[in-house]
């Protein structure tokens, strides 16, 4: 027997982490930095706790609560909301509070990519919150005020006007007391792409509120990154941060779909396909492209989230081949990158919390966290960001994307895309993968229902209320007519198969049952992954 793909359990675990890895002395301020390898283990505050984390953890916790359908964690969520509503400054930017562990108080444009999605959520959920709407609108307009607008190309051959908006920020940081200081920078480099990760949230802002300034800023940033920045080559390959590049790609695909501009969709697909070429079949992908030797790379959970969200956007544009990518990445490496056992952690519960450091029950509190750097077969606790605050906030976005996409309505038909267990007012879905080749759908409305087919579904047979049916195949799915209360069942041959695959410079034997990897050899350490037999 093997463990099943369980999105709700993963959501419960990461909610546990988010609601416990916070500091009640500072109104539940998150701890980004976790050091489980120290003896004793500890978590410590740093500036980013009140920068990107109050945004990403608000979004992540909201995703978990919506999946689980209850209000557990609401106290912490409202704390994060209060933090979000503080520390706004000139040009509408959100800065951080001046805590003992904070040095220079500044806003990073990369961090606005975490703040704006949270503010979009707040304005949608609390339409009566006029201050949140005012802050969100001001952030969009403030960023628009701060860009350099490239209007004319002056070259040896003469001058020519830019036919479209082209916007870039002068720097990647903006000091609360001093504005742009070009002697300071984050040191991350890659400013065009790092500064443009707010683009998906700008597109969402335009979709939600018809904010034309958000659309203008999104298009101007997209045009700069895709054009004169020269960040991507003609094949949409890049050198650098995979998280930022694929996050950006998801945004431009949606921008292209909503505006009808196919070039944005094509460019986003190119970026996605390049990242896919660096990935394993089961969802491991490097944190950086062409920056280090591949054997030195690690997989940041944020990157898996981006691939899943970008796949969702590409599917919405008609690229249905990416259903399999979403499914495999979610049920394999995304699940394995979550911490589910902490018996190896050494704790000292007698030490008091002080100087922004906590030691109390770290082993219990870190359950459900996500790694910022796994190898395909292991998580190394000695690696910085072995458990990463950024990934804890973004992983739930991937969980909810897959949860929402598990069953969709297409041309009036209820289609199972991702085999898992889920119950709603319209249907009950149950999957026996990877133990048996069987997926069941109980429809609570009359119409058509069915299952998406994949290469790993061998010799499929469709049953309606236990009786074998001659199914109609349409757009990659098998369908038939159902009455309210009918049970559809897809049965298929499920085999244990293995193949060799080179990942991170190492040859692995990947053992899978249907779409679930159940073993990976050679096996890893310190925390071995893919121990899926029960």
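Numbering (the numbering used here), first residue to last: 14 to 547. All C-beta atoms, glycine included, are put in the ideal place defined by N, C-alpha and C.
As the crow flies, the alpha-carbon of residue 385 is around 20 Å from that of residue 22. Non-local beta-carbon contacts of residue 198 in its own chain, meaning distances under 7 Å to residues more than five positions away in sequence, involve 184, 185 and 186 in chain order.
The segment 207-214 makes contact with the segment 118-131: 3 or more CB pairs, one atom from each, lie closer than 8 Å. Rounded to the nearest whole angstrom, the C-alpha separation of residue 387 and residue 310 is 9 Å.
DSSP lists 441 and 500 as the bridge partner or partners of residue 455. Between residue 175 and residue 163, the gap from beta carbon to beta carbon is short of 7 Å. A straight line joining the alpha-carbon of residue 128 with that of residue 63 spans about 10 Å. The residue among 539, 169 and 501 with its C-alpha nearest the C-alpha of residue 395 is 539. With fewer than 16 other Cβ atoms from the protein chains shown falling within 10 Å of its own Cβ, residue 91 counts as exposed.
Per DSSP, residue 203 lies in no beta strand (DSSP E) and is assigned neither H nor E. Under the three-state reduction of DSSP, residue 298 is assigned to coil, being neither helix nor strand.
Looking at the DSSP output, residue 43 sits in a beta bridge with 35.
Under DSSP, the beta-bridge partners assigned to residue 476 are 481 and 502. Contact between the segment 494-508 and the segment 363-383 is absent: fewer than 3 CB-CB pairs across the two stretches fall below 8 Å.
Sequence-distant Cβ neighbours of residue 113 in its own chain, meaning closer than 7 Å and more than five residues away, are 369. About 6 Å separates the beta carbon of residue 425 from that of residue 461, a gap short enough to meet the 8 Å contact definition. Between residue 295 and residue 530, the CB-CB gap stays under 7 Å.
By the C-beta criterion, the segment 131-149 is judged not to be in contact with the segment 78-90, since fewer than 3 inter-stretch pairs fall below 8 Å.
Burial state of residue 169 is exposed, judged by a 10 Å Cβ sphere holding fewer than 16 other Cβ atoms. Of 44, 503, 220 and 52, the smallest CA-CA separation from residue 59 is found for 44. Per the DSSP secondary-structure output, residue 293 pairs with nothing in a beta bridge.
For the set 408, 510 and 180, the Cα lying nearest the Cα of residue 165 is the one of 180. Here residue 18 is buried. Its C-beta has 16 or more other C-beta atoms within 10 Å. Per the coordinates, the alpha-carbon of residue 541 lies some 32 Å from the alpha-carbon of residue 261.
In the structure shown, the three-state DSSP call for residue 522 is strand. Apart from sequence neighbours up to five positions away, the residues of its chain that approach residue 287 with a beta-carbon distance below 6 Å are 249 and 250, ordered along the chain. In the displayed model, residue 273 falls within coil according to three-state DSSP, outside both helix and strand. Counting only unbroken stretches of 4 or more residues, the alpha helix (DSSP H) elements lying wholly within the segment 148-222 are 204-207 and 212-222, in sequence order. Ranking 490, 405 and 372 by CA distance to the CA of residue 423 puts 490 first. The beta carbons of residue 401 and residue 469 sit no closer together than 7 Å. Separation of residue 257 and residue 351 (C-alpha to C-alpha, rounded to the nearest whole angstrom) is 21 Å. As a beta-bridge residue in DSSP terms, residue 461 pairs with 426 and 494. Beta-bridge annotation (DSSP): residue 415 is not paired with any residue.
Pairing residue 152 with residue 318, the inter-Cα distance amounts to about 25 Å. Of 509, 16, 72 and 440, the smallest CA-CA separation from residue 86 is found for 72.
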